[in-house]
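What follows is one structure encoded as structure tokens, with my remarks underneath.
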Amino acid sequence: MKQADIIPPIDPRIIRSELNKDLLLRKTNRAGNELYAFHAHEAPNTMLEIGRLREAAFRPAGAGSGKAADIDEYDIEPDGYKQLIVWDPHAQEILGGYRYIVCDRAIETSPDGTRSVHLSSSELFEFTDIFIDEYLPKTIELGRSFVRNDLQNTGKGKIPRSIFTLDNLWDGLGALTLLHDDCQYFFGKMTMYENYNIKARDLIYYYLATYFKPREQLVRMKFPIPYQTPTIELEEIIKGNDAKADYKAMSKAIREMGTAIPPLVNAYISLTDRLIVFGTSYNPFFGNALEACILVPIEEITPDKKKRHIDSFLRDAPRLLSQRLIRRIQARLKRLNKDEEHQSPQHILPHLE
Numbered sequence: 022m023k024q025a026d027i028i029p030p031i032d033p034r035i036i037r038s039e040l041n042k043d044l045l046l047r048k049t050n051r052a053g054n055e056l057y058a059f060h061a062h063e064a065p066n067t068m069l070e071i072g073r074l075r076e077a078a079f080r081p082a083g084a085g086s087g088k089a090a091d092i093d094e095y096d097i098e099p100d101g102y103k104q105l106i107v108w109d110p111h112a113q114e115i116l117g118g119y120r121y122i123v124c125d126r127a128i129e130t131s132p133d134g135t136r137s138v139h140l141s142s143s144e145l146f147e148f149t150d151i152f153i154d155e156y157l158p159k160t161i162e163l164g165r166s167f168v169r170n171d172l173q174n175t176g177k178g179k180i181p182r183s184i185f186t187l188d189n190l191w192d193g194l195g196a197l198t199l200l201h202d203d204c205q206y207f208f209g210k211m212t213m214y215e216n217y218n219i220k221a222r223d224l225i226y227y228y229l230a231t232y233f234k235p236r237e238q239l240v241r242m243k244f245p246i247p248y249q250t251p252t253i254e255l256e257e258i259i260k261g262n263d264a265k266a267d268y269k270a271m272s273k274a275i276r277e278m279g280t281a282i283p284p285l286v287n288a289y290i291s292l293t294d295r296l297i298v299f300g301t302s303y304n305p306f307f308g309n310a311l312e313a314c315i316l317v318p319i320e321e322i323t324p325d326k327k328k329r330h331i332d333s334f335l336r337d338a339p340r341l342l343s344q345r346l347i348r349r350i351q352a353r354l355k356r357l358n359k360d361e362e363h364q365s366p367q368h369i370l371p372h373l374e
């Protein structure tokens with residue numbers, strides 16, 4: 022099917038006019054950027070620019086919607102997904118973004134008692150009753166992460182600016198953990214693309230399956246991805262008895278293939294050693310992108326990441342939030358820090374140990 026021409030950029034002055042103080046989530050810890058969160062109807066032209074940037078970022082990797090802008094029903098539903106973006110007030114441009122939804126809003130019950138889950142991930146993953154009952158009501162789903170194209174390329178030996186944009190985005194996710202203080206998990210898809218080196222991809226998935234596999238398969242893949250590399254070759258690099266040593270060996274092997282571990286994969290692996298990976302699925306609705314199904318227990322995020330992305334939210338909170346909400350946030354932080362002090366060496370999730 023022929024792909025449509027991507028729409029031209031939206032005038033940044035129009036975007037700036039839509040990004041008002043009511044949509045401001047926080048300032049970033051680094052680079053002086055701003056984070057905004059909103060529904061599409063609150064900033065329709067900004068939504069168009071997000072769709073343009075997403076499609077422009079995904080197509081070169083062999084994915085994307087094929088439409089003039091990557092916008093779907095989940096983006097435009099009035100009470101559906103919200104957009105989280107990093108805005109550079111100096112360059113007057115969007116640097117990157119996610120979309121997200123608090124999942125209890127996506128669980129629907131028909132008059133006969135039948136339940137359904139209206140999430141973009143439900144097109145790829147099948148949820149068990151335990152997952153729907155015990156996890157989704159306390160979960161924020163993340164999706165469609167992107168960094169604008171011109172930030173992803175850099176000179177040899179230099180760190181791409183996309184790394185810093187991802188760091189900015191995690192400031193936004195840190196704020197969400199406090200604003201939605203009843204949520205205990207982030208859930209979503211960690212994406213790689215068909216044009217990525219096959220053996221490198223298999224190594225990454227084998228590493229994830231070795232060190233982040235759940236005890237119980239609460240989410241099943243509708244379009245599972247088999248390894249194309251013989252397991253014996255993967256085992257030569259990933260021994261299965263030391264996560265850090267295996268990560269170094271995997272990273273070295275992938276560099277020797279002329280590529281690198283994708284930044285988003287590194288970001289999730291470094292976020293917590295209690296990351297859960299249920300499996301990987303093809304996404305036939307998005308250019309056959311390869312999606313790893315992940316669950317992040319918020320209370321298990323590493324102390325340095327909590328301090329950097331979560332605790333720091335209170336720096337901006339007094340001028341953005343009500344005193345009542347600030348007190349709730351402070352209580353949430355106290356619980357998170359208490360859990361950190363008394364963290365058991367055993368996994369806290371009964372179905373995922």
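Each position in the sequence shown, counted from 1, maps to that position plus 21 in my numbering.
Each residue gets a CB set at the ideal place from its N, CA and C atoms; glycine is no exception.
Selection LEU292, PRO247 and HIS201 evaluated against PRO324 yields LEU292 as nearest (Cα-Cα). By the Cβ neighbour-count rule, PHE306 is exposed, with fewer than 16 other Cβ atoms within 10 Å of its own. Among the bridge pairs identified by DSSP, GLU129 is matched with SER137.
Annotated three-state conformation of CYS204 is coil, per DSSP. Cβ contact annotation for TYR227 (same chain, cutoff 6 angstroms, sequence separation greater than five): LEU255 and ILE259, in chain order.
Annotation: the continuous beta strand (DSSP E) that includes TYR57 extends over 55-59. For GLY118, the number of other beta carbons within 10 angstroms of its own is at least 16, and it is reported as buried. By the C-beta density criterion, GLY300 is buried, having at least 16 other C-beta atoms within 10 angstroms.
Of all alpha-carbon atoms in LYS328, ILE331, HIS330 and VAL317, the one lying nearest the alpha-carbon of TYR156 is that of VAL317. For ASP26, same chain residues with a beta-carbon under 8 angstroms away, outside a window of 5 residues either side, are ALA89 in chain order. Taking C-alpha positions only, LYS42 is separated from ALA196 by approximately 16 angstroms. Where SER333 is concerned, there is no enclosing alpha helix (DSSP H), because DSSP gives it neither an H nor an E. Burial check for HIS62: the Cβ neighbour count within 10 Å stays below 16, so the residue is exposed. According to DSSP, GLU312 shares a beta bridge with THR212 and SER302. For the pair of segments examined, the segment 95-114 was found to touch the segment 62-72: the number of CB pairs separated by less than 8 angstroms reaches three. Residue burial annotation: THR49 is buried, with at least 16 other C-beta atoms found within 10 angstroms of its C-beta. In the same chain as ASP332, and ignoring 5 residues on each side of it, the C-beta atoms closer than 7 angstroms to its own belong to LEU354, in chain order.
Between the C-alpha atoms of PRO245 and SER302 there is a straight-line separation of about 4 angstroms. Rounded to whole angstroms, the gap between the alpha carbons of ALA288 and ILE319 is 14 angstroms. Within the same chain, and ignoring the five residues on either side of ALA52 in sequence, the residues whose Cβ sits closer than 7 angstroms to its Cβ are PHE185 and ASN189. Taking ARG126 as reference, the option from PRO235, ARG349 and LEU140 with the minimal CA-CA separation is LEU140. By alpha-carbon distance to ILE35, the top candidate from LEU229, TYR102, ARG47 and GLU114 is GLU114.
Counting the other Cβ atoms within 10 Å of the Cβ of LYS210 gives 16 or more, which makes it buried. ALA281 places its beta carbon 8 angstroms or farther from that of ILE290.
For PRO283, DSSP records no beta bridge to any residue.
Here DSSP, grouped into helix, strand and coil, assigns ASP109 to strand.
When secondary structure is reduced to three states using DSSP, PHE167 falls in the strand class. Counting only runs that start and end inside the segment 233-271, the beta strand (DSSP E) elements of at least 3 residues fall at 240-242. Around the beta-carbon of GLU147, fewer than 16 other beta-carbon atoms lie within 10 Å, marking it exposed. For ARG120, the pairing in a beta bridge is given by DSSP as GLN104 and GLY164. LEU199 has its alpha-carbon roughly 5 angstroms from the corresponding atom of ILE350.
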